[in-house]
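Reading the sequence shown from the start, the letters are residues 17 to 257 in this note's numbering.
Comments concern the structure below.
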Amino acid sequence: MAGHSKWANIQHRKGRQDEKRGKIWTRLTREIIVAARSGGGDVAMNPRLRLAIDKAKAANMPADNIKRNIDKATGNLEGVTYEEIRYEGYGIGGAAIIVDCMTDNRVRTVAEVRHAFSKYGGNLGTEGSVAFQFKHCGQIILAPGTSEDRVMEVALEAGADDVITHEDGALEVITAPGSLEAVRDALQSAGLNPEVAEVTMRPENSVALAGDDAARMQKLLDVIEDLDDVQEVYHNAELGD
17 MAGHSKWANI QHRKGRQDEK RGKIWTRLTR EIIVAARSGG GDVAMNPRLR
67 LAIDKAKAAN MPADNIKRNI DKATGNLEGV TYEEIRYEGY GIGGAAIIVD
117 CMTDNRVRTV AEVRHAFSKY GGNLGTEGSV AFQFKHCGQI ILAPGTSEDR
167 VMEVALEAGA DDVITHEDGA LEVITAPGSL EAVRDALQSA GLNPEVAEVT
217 MRPENSVALA GDDAARMQKL LDVIEDLDDV QEVYHNAELG D
């Protein structure tokens, strides 16, 4: 595998999230509000809300904050209305980028996203221009050294679609979006604790970048991720040193 390993990429992303801890709460708040508004405030009946609450708890968001955000979404408290928007484009070397946003001002958001792409070497594309290069799925990552046989046994039994072993030893479990929770819970019950468990847009192929190109791509991604309205950024760049 060229460039950074799967595990190195995961650790790099987690490190950047830790640096932006204040913004994480803002993004999680929006996700909880939108999930509750679209699927209702009953956690038992709303898998998207359950995942959002799990992420919020992992980020140490107080239970009162979580409840207040659900109340805002379900009409018990006055709150802001957010809409979800997806932008697609190209980065350095033709790498594909998907930017998922939640905003209360669509005009502001598209202007900021377009500016980031154009200023830092990318190009904002049209709807559908790169999404075909990604698969909407559940993704679970386990650390190198985890028993491959045990993960495969537990995950496939719980309904996973595939288990991939990467060259650095990291294990990646792929599920249908609706099966993520069941597979994650089965792994945890077996003492196999994932480092990452999320519904994502997983690239079907990758573009290897190194040197200045990798640095420019990382800068572009950093600028996009720092925009207030951006929730998630997915890309297919494999960033080497």
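Ideal Cβ placement from N, Cα and C applies to all residues, glycine included.
None of these values were measured; they are calculated from a predicted model.
Nearest to residue 157 by CA position, among 145, 166, 179, 173, is which residue? Your numbering for residue 157 matches position 141 in the sequence shown. Nearest C-alpha to residue 157: 179.
In the DSSP assignment, find the beta strand (DSSP E) that holds residue 246 and state where it starts and stops. Taking the sequence shown and counting its residues from 1, one reaches residue 246 at position 230. Its beta strand (DSSP E) spans residues 246-251.
Contact between the region 141-148 and the region 103-115 is defined here as three or more beta-carbon pairs at a separation below 8 Å; is this criterion met? These segments touch.
To which residues of the same chain is residue 41 closer than 7 Å at the C-beta, ignoring the five residues directly before and after it? Indexing the sequence shown from 1 puts residue 41 at position 25. Once the five neighbours on either side are set aside, the close Cβ partners of residue 41 are 75, 77.
Here's the rule: buried if 16 or more other CB atoms are within 10 angstroms of the residue's CB, otherwise exposed. What is residue 254? Mapped onto the sequence shown, residue 254 falls at position 238. Residue 254 comes out buried.
Just to confirm, are residue 105 and residue 140 a CB contact at a threshold of 8 Å? In the sequence shown, the residue the question calls residue 105 occupies position 89. In the sequence shown, the residue the question calls residue 140 occupies position 124. Yes, they are a contact pair.
Among 56, 199, 182, whose alpha-carbon lies nearest the alpha-carbon of residue 176? As a first step, residue 176 must be located in the sequence shown, where it is residue number 160. Among 56, 199, 182, the Cα nearest to that of residue 176 is on 199.
Mind pulling the beta strand (DSSP E) runs of 3 or more residues that sit fully within the region 78-153? Counting whole runs of 3 or more residues, the region 78-153 contains the beta strand (DSSP E) stretches 99-106, 112-119.
Uninterrupted beta strand (DSSP E) stretches inside the region 175-253 (no shorter than 3 residues): For the region 175-253, whole beta strand (DSSP E) runs of length 3 or above, ordered along the chain, are 178-181, 187-191, 212-219, 223-225, 246-251.
Alpha-carbon to alpha-carbon, residue 163 and residue 187: Residue 187 sits at position 171 when you count from the first residue of the sequence shown. Residue 163 sits at position 147 when you count from the first residue of the sequence shown. Roughly 9 Å separates the two Cα atoms.
At the level of alpha carbons, what is the spacing between residue 203 and residue 123? Your numbering for residue 203 matches position 187 in the sequence shown. Your numbering for residue 123 matches position 107 in the sequence shown. Near 43 Å, if we compare the C-alpha coordinates of residue 123 and residue 203.
Have a look at residue 185 and residue 166 and give me their C-alpha separation to the nearest angstrom. Sequence index remark: in the sequence shown, residue 185 carries index 169 (1-based). Sequence index remark: in the sequence shown, residue 166 carries index 150 (1-based). Each residue's Cα considered, the two are about 14 Å apart.
Residue closest to residue 62, alpha-carbon to alpha-carbon, out of 51, 183, 70: Working through the sequence shown from its first residue, we reach residue 62 at position 46. Of 51, 183, 70, the residue nearest in Cα terms is 51.
Can you grab the Cα-Cα spacing for the pair residue 59 / residue 192, in whole Å? The residue labelled residue 59 in the question sits at position 43 within the sequence shown. The residue labelled residue 192 in the question sits at position 176 within the sequence shown. The alpha-carbon separation between residue 59 and residue 192 amounts to approximately 20 Å.
Could you check whether the region 209-220 touches the region 231-241, counting it as contact only if at least three pairs of C-beta atoms, one from each stretch, sit closer than 8 Å? Short answer: they don't touch.
Any idea if residue 110 is buried or exposed, counting beta-carbon neighbours within 10 angstroms, 16 or more meaning buried? Residue 110 sits at position 94 when you count from the first residue of the sequence shown. So residue 110 counts as exposed.
Going by Cα to Cα distance, which pick from 172, 89, 226, 256 is closest to residue 55? Position 39 of the sequence shown holds residue 55. Closest by alpha carbon: 89.
Compare the beta carbon distance of residue 232 and residue 154 with 8 Å and say whether it is the shorter of the two. In the sequence shown, residue 232 corresponds to position 216, counting from 1. In the sequence shown, residue 154 corresponds to position 138, counting from 1. In this structure, residue 154 does not lie closer than 8 Å to residue 232 by Cβ.
Whose C-alpha, out of 251, 101, 208, is nearest the C-alpha of residue 160? By one-based count along the sequence shown, residue 160 stands at place 144. That would be 208, whose Cα lies nearest to the Cα of residue 160.
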